[in-house]
Amino acid sequence: MIKRKNLTIAMMIAATLFFIAFPEFLFTVLGILLLIIIIVFFIVEFAFDIYIVVAVIAKWFRNE
8 MIKRKNLTIA MMIAATLFFI AFPEFLFTVL GILLLIIIIV FFIVEFAFDI YIVVAVIAKW
68 FRNE
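The numbering of the sequence shown is the numbering used here, which starts it at 8 and goes up by one.
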């Protein structure tokens, strides 16, 4: 079973390579939808990790 985070990273890399190969596709409706889906996946997948990092930094700053 592939972990979801690895799948998201693989999807982002694949989409990036796809847009490098076909840059004109980026400006079509389908290309924009694909970009939005990838950004949403990224936010959903990494939001909790980012929240933990921000909480740790905030705690560290309060202790200083």
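Glycine included, every Cβ here is placed at the ideal spot set by N, Cα and C. It should be emphasised that the depicted structure is a prediction, and the values quoted were computed from it without experimental measurement.
Opening and closing residue of the alpha helix (DSSP H) in which residue i lies
i: Phe68; result: Val36 to Asn70
Proximity of residue i and residue j at Cβ, strictly below 8 Å
i: Glu52; j: Thr15; result: yes
i: Asn50; j: Met19; result: Here residue 50 is Ile; the residue named in the question, Asn, does not match the sequence. Not a contact, by the Cβ cut-off of 8 Å.
Cα-Cα separation, residue i to residue j
i: Asp56; j: Val63; result: 11 Å
i: Phe34; j: Ala21; result: 17 Å
i: Phe48; j: Phe68; result: 30 Å
i: Ile54; j: Ile43; result: In the sequence on display, residue 54 carries Ala and not Ile. Spanning the two alpha carbons is a distance of roughly 16 Å.
i: Gly38; j: Ile59; result: 32 Å
i: Val36; j: Ala17; result: 22 Å
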